[in-house]
Amino acid sequence: MADHSRYLSSCDTMVAFTGPPGDRRAIFAKNSDRPGLECQPLTHVPAAVHEPGSTVRCQYLTIPQAPRTLAVLGSRPWWLWGFEHGVNEAGVAIGNEAIYTHDPVPETGLLGMDLVRLGLERGATAAEAKRVITELLERHGQGGSAAYGTDRRYHNSFIVADATEAWVIETSRRHWVARRTTRGAVIANLVTIEDDWDECSDGLEEHAREMGYWTAPAATKLDFRAAYEDRESRPWTEPRYGVGCRLLAGNDEFSVPDLMRYLRDHFASGTVNAPPPDGTPLQRTVCLHPGIAQGSTAASMVVELAADALPPVAWTSMATPCTGIFLPITVGQPLPPVLETGDEHPSHDSAWWAMRELQYVTDRGPVLLTPMAQAAWAPIQRRLPAGGRLGPDELTLLMAEVMERRDRLILELTVAQLQHEHTITANGDGASPASPPAAGIAGLLESS
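Every position in the sequence shown, counted from 1, becomes a number in this note's numbering once 1 is added.
Set out below in structure tokens:
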């Protein structure tokens, strides 16, 4: 039987355009799904001017540095140089995802996450960032493992957005296609561009014909999906893509809270991590928990991109967004250490590990405990300013409040679950419904 396990790790990225003519804005959103215990803190990169001839070390390659780089806020797996998603001071947001094509992935090269960070540091518009990504891809290639301690390689797709336009880029080795949009786009680990691309790499069709991927008549415009896609991936990825497309369909007005709800989505019907009632594949949930797939949602970002609101404010969540809170962070502003701290070792000093522990506690009884967690965060979330602009001291105070509330919430959830289990036992109703394993983090934190 074919091994489909490599298709079970996933991400979901969306951009939606909203507002009347003359005041158009984009709202970018992404869930980064990674191995369940892989810490993914935030990183603030200040703007910088670099000496001529200087270089930058990416994950596996050293490449020439740009003369100037922009301030960036990014979300980064602890062991990686690059970002899963981020936004820069000029109002450009980028997220990447794994996609699967017929071409093998080289053993070394630039990771998709390297290209996200490089595009953000060097691109002041979506078009500039798109050019940075595609030129570096052609020059240096993509490759290398994107998983810690194991060899997991894949090609990449990207959404690159600013206030006026977005580009979807899909790649295979050093080849790529790009489609421009001013309405919206969704990517979810599958190839989406057919013959509707606006730009492509030199030699794209020649390579497809040489490899036997494309045999249509010469006058036929290349269909990238038909030629390059590994079709075995589609059953595992298309359901989540459909959730995002349904959200975009027929809607012209979106808000930051709308996109937060999308990232918290479970089975297109709610925000609770519970089995779907109709027996359909578990992979259609946007917010992933251990046991649903190989990984879990590690970090989320929602950011409104508007030309008259720079630098932008990114609303960020750590671990699963359905159990946590979205925190507003102004790009270019230094971060409290608790947001930047985190590695492979669980730590009370890391907001990421704190929120992951909360998620694992909630997963012990999600139908009961997830609404409790959401109700606990709601007063703090509602109190935050609509535009989200907090000064450094205000953000530090907010983080202290969030960490203190998290500690009390874990106790409240633990007591509620124990009482629930006691009631079930006393009534003779049998054992509580099984939930994804939760033994990991609480014990790890106690012993760290």
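Virtual Cβ for every residue (Gly too), placed ideally from N, Cα, C. This one's a predicted model, so the numbers in the text were calculated from it and none came from an experiment.
Simplified DSSP assignment, three categories, for residue i
i, result
"S256", "coil"
"C12", "coil"
"R26", "strand"
"F18", "strand"
"Q360", "helix"
"V450", "Missing from the structure shown is residue 450; the chain here goes from 2 to 449 and no further."
"P338", "helix"
"P236", "helix"
"T70", "strand"
"E108", "coil"
"L138", "helix"
"D224", "coil"
"E200", "strand"
"A352", "helix"
"A49", "strand"
"V454", "Since the first and last residues shown for the chain are 2 and 449, residue 454 lies out of range."
"R262", "helix"
"L81", "coil"
"A250", "coil"
"A128", "helix"
Residue range of the unbroken beta strand (DSSP E) whose run includes residue i
i, result
"D394", "Where D394 is concerned, there is no enclosing beta strand (DSSP E), although the alpha helix (DSSP H) it sits in stretches over P393 to N428."
"G150", "Unbroken run through G150: none, as it is neither H nor E."
"L191", "First-last for L191: undefined, no H or E at that position."
"T331", "L328 to T331"
One or two residues paired with residue i in a DSSP bridge
i, result
"H156", "I100"
"D34", "T298"
"M319", "A300"
"E171", "S158 and V178"
"S55", "BP columns for S55 are empty, so no partner."
"I95", "G87 and V161"
"S76", "L43 and H86"
"E305", "I28"
"E230", "T102"
"Q143", "L111"
"V314", "T331"
Beta-carbon gap between residue i and residue j smaller than 9 Å
i, j, result
"V192", "R241", "no"
"W215", "A299", "no"
"A179", "E171", "yes"
"Q382", "T321", "no"
"H176", "H208", "yes"
"V303", "W316", "yes"
"L137", "F84", "no"
"E166", "A220", "no"
"L74", "I330", "yes"
"G92", "P312", "yes"
"E39", "P68", "no"
"P337", "L396", "yes"
"T70", "I64", "no"
"P372", "H45", "no"
"M400", "Q41", "no"
"L111", "Y61", "yes"
"P367", "E358", "no"
"A48", "A27", "no"
"A308", "A164", "yes"
"R25", "T182", "no"
Residue i - containing alpha helix (DSSP H), residue span
i, result
"R184", "Here R184 belongs to no alpha helix (DSSP H), and DSSP marks it neither H nor E."
"I64", "Premise fails: I64 lies in the beta strand (DSSP E), T63 to P65, not in any alpha helix (DSSP H)."
"L369", "P367 to R384"
"G113", "G113 to R123"
"R390", "Element bounds for R390: n/a, residue is neither H nor E."
"V287", "Note, V287: premise wrong, no alpha helix (DSSP H); not H, not E."
"L205", "L205 to E211"
Check: residue i C-beta below 8 Å from any heavy atom of the ligand MG
i, result
"E206", "Ligands displayed in this structure: none; no statement on the ligand MG is therefore possible."
Residue-level contact to chain C via CB, residue i, 9 Å cutoff
i, result
"I64", "No chain C appears in the structure shown, which is made up of a single protein chain."
Decide yes or no for the touch test of the segment 25-32 against the segment 80-100: beta carbon pairs closer than 8 Å, at least 3 of them. Yes, the segment 25-32 touches the segment 80-100.
- Are the segment 365-385 and the segment 330-349 in contact at 8 Å, needing three or more beta carbon pairs? No, because fewer than three Cβ pairs between the segment 365-385 and the segment 330-349 fall closer than 8 Å, the two stretches do not touch.
Next on the checklist: Pairs of beta-carbons, one from the segment 202-211 and one from the segment 109-120, closer than 8 Å: are there three or more?
Outcome noted: Touching, no.
Touch test, the segment 10-22 against the segment 234-248, Cβ-Cβ under 8 Å, three pairs minimum
Judged by Cβ distances under 8 Å, the segment 10-22 makes contact with the segment 234-248, as three or more pairs qualify.
For the pair the segment 138-154 and the segment 100-110, tell me if three or more CB-CB distances fall below 8 Å. With the cut-off at 8 Å, the segment 138-154 and the segment 100-110 touch.
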